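S.K.: Chains A and B, in that order, are what the protein sequence lines are. FYI, the numbering for the first sequence is 5 to 325, going by the working numbering. FYI, the numbering for the second sequence is 50 to 426, going by the working numbering. Note that beta-carbon positions come from the ideal geometry of N, C-alpha and C, so glycine has one too. Note that the structure is predicted; figures quoted are calculated from it, not measured. Please find one structure pasted underneath; my questions will follow.
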Amino acid sequence: MGQVLDVVLSTGFLAAILGVSTPYVLAALGGLLAERAGVPNIALEGSMLTAACTGALVAGYSGSVWAGAACGIAGGALLALLLGVLHLYLGADAIIAGIGLNLLAAGATAYTVYALLGDKGGTSRLHSGALPSVRLPLIEDVPGLGAVLSGQNVLTWAALAAAPAVAWLLYRARFGFHLRAVGEHPEAARSVGIHVHRVQFRALALSGALAGAAGVFLSMGAVSFFVTGMTAGRGYIALAAVFLGALRPWGVFLAALGFGTAEALAVQLGNLDIPSQLVSAIPYAFTLVALAFFAWRRRRASRTAPASPPGLPSPHLTETP
Amino acid sequence: MTSILEPDAERQGRPETQGRREFLATRRRTALVELTMTVLTVAVAVLIAFLVVLATGKDATGALNALLTGPLERTPRIGRWLADATTLALLGLSVAIPFRARQISLGAEGQVYAGALASALVAIHLHLPPVAAVLVPLAVAALAGGALGAVPGVMKARLGANEIVATLMLNAVVVRVFDYLLTDHIKAPDSSAVQSAPVRPDSALPLLSDFFGVPLDQANIGLFGMLAVAAAVWFLLARTPLGYRIRITGSNPDFARYGGLDVPRTIEWSFVIGGALAGLAGAHLALGVYGGLQPDMAGGLAFEGIVVALLGRNNPVGVVAAALLYSYLRVGGDVMEQQTDVGSEAVTIIQAVIVLLVTARALPELVKRYLARREAR
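Shown next, in the form of structure tokens:
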């Protein structure tokens, strides 16, 4: 037990949490934007995979990690836009189209890597490089804090900045107001002159771009190459974080951080003869329980809520003779 | 189905039998259109993959040839095709039943592992009389899968919890628990690889090779079991009260509610039955294909089950046909990878295009409109 505490309280572990959480935070915030706009984006996984592959390939061939990152993020956004075309224009079910796009991303990335490099595993022979980490000259010297914050990848900082940015966008910006209106009541939004599809397309593009950044972090931050299927279901987990976070930016951020913490913990405890599979299963079991709890509370609230809006006489008052 | 009644009815010529004839004729026509659409969808998907392969400068013709004729060239490949089709059809049926109740259950992956685990544990450790040795593990697998299906089913039906998130989370938990049990507890002590001891010979599903005398690889009597299950699912959906409730709940939930159907219970049953079928698919993998437990033994199969259900229009006969068609492509993809420089990933692209074409409901409409406009010119 003492050993476990030593691991958990070490600064290296806290730094690892931030690193492991980065893709979850970015993708989950992306999923949040699409969900609030009324389009469930299950293609987060595909966006991440596309971005991870595109990023590593472009960076490898062009020699510029920034060009790779930009193309990766654009690739992620493009896949989300494809979901928009299928769902909004061609009447496809968003979930099933999303699953199809995830398959497409899995097949297309593996095929492209094999066609270009002749390697089924990934792009490790292409020296694509990684995005730089950020060193903080003054904070670096603060004991504890410096080791946690300094030296984190630039995309980890982007993830930390993305939470307040998304919160601002949703609740303070005009676009966020439109986005929520479209998601909550498209007819009402249309009746006041909001272009519902245009708003949803923009939300999807942003969603895909954030998931793209998450993918780019996997192939150009955590490591410096693409491995086929390297997202390994993280997009689906991010989607769960969207619901666990109760569709609110900070809630989603914390939920994603929770998944990251559990994964980091599982990696650390693997060395200590504690079954890492069980540790890494905890957040999913927790999400399941939380999902049931929130649903139960919502159902109970809707049952006990007054049948008429406040201000109007309640029905049983008017009905009594 | 009409051979006995039809001539007699025709002689009488009652108006209602005429209506019935028209109805049957329309239904036959619809079935024909759907069949054409399905074959067309797969053909378009294969064509797109062919063009992709061509565009990347590979041996596209050779690849297409290997993909389409490879599986029939040798009998073991036919066996692999039939074994794969058995698993995929069971998975497709397992997804199709909740789909018919308009529930998107992505829980097949977890249920497959649960079924495989439960059936293999029974089949490795229990001494049972000959026939029971096969049937008991299968029943246990169906129970395990069904119990796992009940969790998201009850959550959705009673609490309104999102079934997609619930099933995905349950998958994540079950896959990890399976992995833990296999590596830390079930792994055969004398083996260096992470895998269970082989199932007892009595419990292994008898191989078709033993009946037909030709090498058919892993194909086993599960194939006939699957056909029986498909017939049972058809009967359930078309001829039983529960099947009627499932169909009404799916096609018009409001009508079902006003009509006094117990919608929550119907939704729960659709999840439980779907889970049981996925559990049977797991048992087919454990007792028929692998003869034991292996890590990642169902990797990605659950999503392929969704493709099969979609392609088969959630109709039992369609699902079996789609599973045969789709697993043919999968085996063909492996042959293609061995014989040409094109990887089997091309098949994943075909699969993705199939899903997207099938789900894009407005697409045929757009094509029709486009053709009409060209004709008008």
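Give me whichever residues DSSP pairs with A:Leu-284 in a beta bridge.
M.R.: One detail in the question is off: residue 284 of chain A reads as Ser in this sequence, not Leu. Paired residue(s): none; A:Ser-284 is not in a bridge.
S.K.: Okay, do the segment 312 to 320 of chain B and the segment 141 to 152 of chain B touch, 3+ Cβ pairs below 8 angstroms being the bar?
M.R.: Yes, the segment 312 to 320 of chain B is in contact with the segment 141 to 152 of chain B.
S.K.: According to the neighbour-count rule (16 or more other Cβ atoms, all chains shown, within 10 Å of its Cβ), is B:Ala-181 buried or exposed?
M.R.: exposed
S.K.: Beta carbons nearer than 7 angstroms to chain B: which residues of the segment 271 to 298 of chain A have them?
M.R.: Taking 7 angstroms as the Cβ-Cβ cut-off against chain B, the residues of the segment 271 to 298 of chain A that qualify are Pro-279, Gln-281, Leu-282, Ser-284, Ala-285, Tyr-288, Ala-289, Thr-291, Leu-292, Leu-295 and Ala-296.
S.K.: Could you tell me which chain A residues have their CB closer than 7 angstroms to the CB of B:Asp-383, listed as they occur along the chain?
M.R.: Within 7 angstroms Cβ-Cβ: nothing; B:Asp-383 doesn't reach chain A, min ~13 angstroms.
S.K.: Does the count of Cβ pairs from the segment 213 to 223 of chain A and the segment 77 to 85 of chain A closer than 8 angstroms reach three?
M.R.: As far as the Cβ criterion goes, the segment 213 to 223 of chain A touches the segment 77 to 85 of chain A, which means the pair count is three or higher.
S.K.: So, at 7 angstroms on beta carbons, what are the nonlocal neighbours of A:Gly-262 in its own chain, with the 5 sequence-adjacent residues on each side left out?
M.R.: Pro-287
S.K.: Out of A:Leu-292, A:Ser-14, A:Thr-54 and A:Gly-16, point me to the one whose CA is closest to A:Thr-401's CA.
M.R.: Coverage of chain A is limited to positions 5 through 325, which leaves residue 401 of chain A absent and any answer about it impossible.
S.K.: Rounded to the nearest angstrom, what separates B:Ala-167 and B:Gly-198 at their Cα positions?
M.R.: 15 angstroms
S.K.: Quick check: is the beta carbon of A:Phe-230 nearer than 8 angstroms to any beta carbon in chain B?
M.R.: no
S.K.: Going straight from the alpha carbon of A:Pro-317 to that of A:Ala-305, what length do you get?
M.R.: The predicted model places A:Pro-317 with a pLDDT of 38, which falls under 50 and marks its position as unreliable; any figure quoted below should be read in that light. Their backbone Cα atoms lie some 20 angstroms apart in a straight line.
S.K.: Residues of chain B with CB closer than 7 angstroms to the CB of A:Tyr-240, please, in chain order.
M.R.: Leu-217
S.K.: Would you mind sorting A:Leu-321 into buried or exposed? The rule is 16 or more other CB atoms within 10 Å of its CB.
M.R.: In this predicted model, A:Leu-321 has a pLDDT of only 34, less than 50, meaning its place in the structure is not dependable; the value taken from the coordinates is given anyway. Looking at its Cβ environment, which holds fewer than 16 other Cβ atoms inside 10 Å, A:Leu-321 is exposed.
S.K.: How should A:Leu-105 be labelled, buried or exposed, when 16 other C-beta atoms within 10 angstroms of its C-beta is the threshold for buried?
M.R.: buried
S.K.: Evaluate contact between the segment 126 to 145 of chain B and the segment 372 to 388 of chain B, counting only Cβ atoms and requiring at least three cross-stretch pairs below 8 angstroms.
M.R.: They touch, by the three-pair rule.
S.K.: Identify whether B:Asn-269 lies in helix, strand or coil by the three-state DSSP scheme.
M.R.: strand
S.K.: Under 8 angstroms by Cβ, that's how I've got A:Phe-247 and B:Val-200 pegged, so tell me the actual separation to the nearest angstrom.
M.R.: The pair is not a contact, with the Cβ atoms about 16 angstroms apart (cut-off 8 angstroms).
S.K.: Tell me where the alpha helix (DSSP H) around B:Asp-259 begins and ends.
M.R.: In the DSSP assignment, B:Asp-259 falls within the unbroken alpha helix (DSSP H) covering 257 to 261.
S.K.: Have a look at B:Thr-289 and B:Gly-392 and give me their C-alpha separation to the nearest angstrom.
M.R.: 45 angstroms
S.K.: If I measure Cβ to Cβ from B:Arg-126 and keep anything under 8 angstroms in the same chain, skipping five residues before and after, which residues do I get?
M.R.: Gly-119, Pro-120, Asp-266, Val-380 and Val-384
S.K.: My guess is that A:Pro-253 and A:Ala-167 are in contact by the Cβ rule of under 8 angstroms, so how many angstroms apart are they, rounded?
M.R.: 6 angstroms
S.K.: Less than 8 angstroms between CB atoms is the rule here; does A:Ala-19 satisfy it with respect to chain B?
M.R.: no
S.K.: Output the residue ranges of the alpha helix (DSSP H) runs that lie fully inside the segment 168 to 232 of chain B and measure 4 residues or longer, sorted by chain position.
M.R.: Runs found: 179 to 203 and 212 to 230.
S.K.: I'd like to know whether the C-beta atoms of A:Ala-245 and A:Ala-32 end up nearer to each other than 8 angstroms.
M.R.: yes
S.K.: I'd like to know whether the C-beta of A:Val-303 is nearer than 8 angstroms to at least one C-beta of chain B.
M.R.: Note that residue 303 of chain A is Arg in the sequence shown, not Val. Yes, its Cβ sits closer than 8 angstroms to a Cβ of chain B.
S.K.: Could you give the uninterrupted runs of the alpha helix (DSSP H) lying entirely in the segment 24 to 82 of chain A, keeping only those of 4 residues or more?
M.R.: 48 to 66
S.K.: Look up B:Ser-245 in the DSSP assignment and say whether it is helix, strand or coil.
M.R.: strand
S.K.: Kindly indicate which residue of B:Leu-175, B:Thr-389 and B:Leu-137 has the alpha-carbon position closest to the one of B:Gly-111.
M.R.: B:Thr-389
S.K.: Determine the chain A residues that contact B:Gly-392 at a beta-carbon separation under 9 angstroms, and present them in chain order.
M.R.: Ala-114, Tyr-115, Tyr-118, Ala-119 and Lys-124
S.K.: Any Cβ of chain A within less than 8 angstroms of the Cβ of B:Arg-151?
M.R.: no
S.K.: Exposed or buried, B:Arg-60, counting other C-beta atoms within 10 Å across all chains shown (16 or more means buried)?
M.R.: Because the pLDDT at B:Arg-60 is just 49, under 50, the model does not fix this residue reliably, and the point stays unresolved.
S.K.: With distances taken from CA atoms, which of B:Gly-159, B:Ala-94, B:Thr-66 and B:Asp-239 is nearest B:Ala-191?
M.R.: If we check each option's Cα against that of B:Ala-191, B:Gly-159 comes out closest.
S.K.: Listing by chain order, which chain A residues have their CB less than 8 angstroms from the CB of B:Ile-270?
M.R.: None at all; the shortest Cβ gap to chain A is about 31 angstroms.
S.K.: Between A:Ala-266 and chain B, is there a C-beta pair that is closer than 8 angstroms?
M.R.: no
S.K.: Residues of chain B with CB under 7 angstroms from A:Phe-247, in chain order?
M.R.: Asn-211 and Val-214
S.K.: Assign B:Met-50 to buried or exposed, taking buried as 16 or more other Cβ atoms, counted over all protein chains shown, within 10 Å of its Cβ.
M.R.: Because the pLDDT at B:Met-50 is just 39, under 50, the model does not fix this residue reliably, and the point stays unresolved.
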